[in-house]
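*Asks:* After the structure tokens below, expect a handful of questions from me.
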Amino acid sequence: MENNYKRFFLMLCISFVIMYFVMFLNLDKPDHFYLNINRLYMAVLMVAPMAVVMLAFMRSMYQSRKHNLAIVAASIVLTAGSFFMLRSQSFVDDEQFMRSMIPHHSSAILVSQEATITDSEVKRLGRQIIESQKKEIEEMKKILERMERGE
């Protein structure tokens, strides 16, 4: 039975990594990929509740009341903590802000380019989004490079 809980934890860890990187699949360009803490918070917000759902659906495999209560408690703490940290932008300094915003802007570009838009006003807005987000990404990259050089 102990082995089941080790595998359970391993499944959650693998799911966390997959979820973290899946969130980058909607980038317009590969060079808009930046590891960042906001997507880490989001991955925890997905995995922690998933642990409770997995326990509920696979109850017969996980019969230790003590272990299950610990998992549920940890899931609640991780969910609440990640939610608070995401909403308060804990540990998001200048560099993390740039690392978070570049992928965010890249996603806006992709959606604006690829969506099936027919309304002329929405099309105009989409073109404006593409233009402004590309400029902002270039500006953020330059600022991030300067910061990484220590200037």
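First residue of the sequence shown? That's 1090 in our numbering, and the numbers climb one at a time after it.
Here a beta-carbon is modelled for each residue, glycine too, at the ideal position from N, C-alpha and C.
Return the chain-ordered list of same chain residues with a C-beta closer than 6 Å to the C-beta of Asp1117, the five sequence neighbours on each side being excluded.
*Replies:* Within the sequence shown, residue 1117 is the residue found at index 28, counting from 1. Closer than 6 Å at the Cβ level, and outside the excluded window around Asp1117, lie Ser1195, Ile1198, Leu1199.
*Asks:* For the putative contact between Gln1185 and Asn1125, defined by C-beta atoms under 8 Å, what is the C-beta separation to the nearest angstrom?
*Replies:* If you number the sequence shown from 1, residue 1185 lands on position 96. If you number the sequence shown from 1, residue 1125 lands on position 36. Yes, Gln1185 and Asn1125 are in contact; Cβ-Cβ is about 6 Å, under 8 Å.
*Asks:* Spell out a yes or no on whether the stretch 1094-1110 and the stretch 1144-1158 are touching, meaning 3 or more CB-CB pairs, one atom from each, closer than 8 Å.
*Replies:* Touching, yes.
*Asks:* Which stretch, first to last residue, makes up the alpha helix (DSSP H) that contains Glu1225?
*Replies:* Stepping through the sequence shown from its first residue, residue 1225 is reached at position 136. Where Glu1225 is concerned, the enclosing alpha helix (DSSP H) stretches over 1209-1237.
*Asks:* Helix, strand or coil: how does DSSP classify Asn1093 here?
*Replies:* Along the sequence shown, one-based indexing puts residue 1093 at 4. Reduced to three states, the DSSP call for Asn1093 is helix.
*Asks:* So the candidates are Tyr1130, Met1236, Ala1137; which of them puts its Cα closest to the Cα of Met1187?
*Replies:* Within the sequence shown, residue 1187 is the residue found at index 98, counting from 1. Ranking the options by Cα distance to Met1187, first place goes to Met1236.
*Asks:* Under three-state DSSP, which class holds Glu1240?
*Replies:* Mapped onto the sequence shown, residue 1240 falls at position 151. If DSSP states are grouped into helix, strand and coil, Glu1240 belongs with coil.
*Asks:* Buried or exposed, going by whether 16 or more other CB atoms sit within 10 Å of the CB of Leu1080?
*Replies:* There is simply no residue 1080 to check, as the chain begins at 1090 and stops at 1240 in what is shown.
*Asks:* Can you find at least 3 beta carbon pairs, one from the stretch 1162-1179 and one from the stretch 1200-1218, that sit closer than 8 Å?
*Replies:* No: fewer than three Cβ pairs fall under 8 Å.
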